[in-house]
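Working notes, beginning with the structure itself.
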Amino acid sequence: MSAMRPELPREFVAGHKRRRMMDAIAELTAEQGYEATKIADIVRRAAVARKTLYDNFDGKEDLFLSAVDATLIGMRVAVEEACERTESPEDQVVAGLEALLEFIAEHPAATRMCMVESISATRSSARLYDTGMRAFVDLLRNSALDGSELPGTIEESLVGGVAWILQQQIRRGEAGQAGELLPELSQFVLSPYLGVGNVGETARRK
């Protein structure tokens, strides 16, 4: 008689199902867009009952917002942890960008949902995206880079520019190659602070 398989904790099972549903809506919106994605599609992709979805979320938009928020948090945490492992402000910028690009390459569907679909899916998702971008603006603004002689909107301009470049990469279906953008994005972000001629050495140290 074979030994009985130990029962998984209820919280673990519930958390796993929530993650499957968030992964499902990320994949589906990446494939066909938010509007075209239906509840039936989500529960089929996640292999859960419709009741399970409504036990955890108010509906499609609530699930979508939860998935976008989780992705934004994951991106920010990856960047913050990478920055904490380096010392100079210049190296922190490069390390943070590298971590962001790695996250995008490893989670192409989630980042497309977050950086492309969320902007126009619903008003709430657009606000959530804006809040996420402001968090990255604050990260750059709170760094030790000397921007005292630069325009007060320099951080918004740089974060917005990086986001636009990444959105084009994602729209082309090239999220997996996001890491190739590291030298270009490092120069783009650092050159206003350091001058173009001083950025190359910082990037090479990475």
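Under my numbering, think of the first position of the sequence shown as 1, with each following residue one higher. C-beta: ideal position from N, C-alpha, C; glycine also. Values in this document were obtained by computation on a predicted structure and should not be read as measured data.
Rounded C-alpha distance that separates residue i from residue j
i	j	result
Phe57	Ser191	44 Å
Arg45	Ile170	22 Å
Leu150	Gly195	12 Å
Glu31	Val189	31 Å
Ile154	Leu72	22 Å
Met113	Val162	17 Å
Arg19	Tyr193	40 Å
Gln167	Arg50	32 Å
Arg123	Asp62	12 Å
Lys17	Val93	36 Å
Ser143	Glu87	11 Å
Asp41	Asp130	28 Å
Ala70	Met115	13 Å
Within 8 Å, strictly: CB atoms of residue i and residue j
i	j	result
Leu100	Ala78	yes
Phe64	Ser125	yes
Leu185	Ile165	yes
Ala175	Ile104	yes
Val43	Leu53	yes
Met22	Val48	no
Ala109	Ala26	yes
Gly59	Glu117	no
Leu128	Val159	no
As assigned by DSSP and simplified to three states, the class of residue i
i	result
Ala3	Note that Ala3 scores 49 on pLDDT, short of 50, meaning its location in the model is unreliable; the coordinates nonetheless yield the value given after this. Coil.
Arg172	coil
Asp130	helix
Val48	coil
Asn142	coil
Glu117	helix
Leu150	coil
Glu87	coil
Thr122	coil
Tyr54	helix
Phe12	Because Phe12 sits at a pLDDT of 46, beneath the cut-off of 50, its placement in the model cannot be relied upon, and the following sentence gives the value as read from the coordinates. In the structure shown, Phe12 sits in a helix (DSSP, three-state: H, G or I).
Thr71	helix
Thr29	helix
Tyr193	helix
Glu106	helix
Gly160	helix
Reference residue i, options the options, closest by Cα
i	options	result
Gly147	Pro89, His16, Glu84 and Ala24	Pro89
Gln177	Ala121, Glu155, His107 and Gly161	His107
Ala95	Glu61, Cys83 and Glu102	Cys83
Glu180	Glu31, Thr153 and Leu97	Leu97
Gly132	Met75, Arg85, Tyr34 and Gln187	Met75
Glu102	Glu81, Leu139 and Glu87	Glu81
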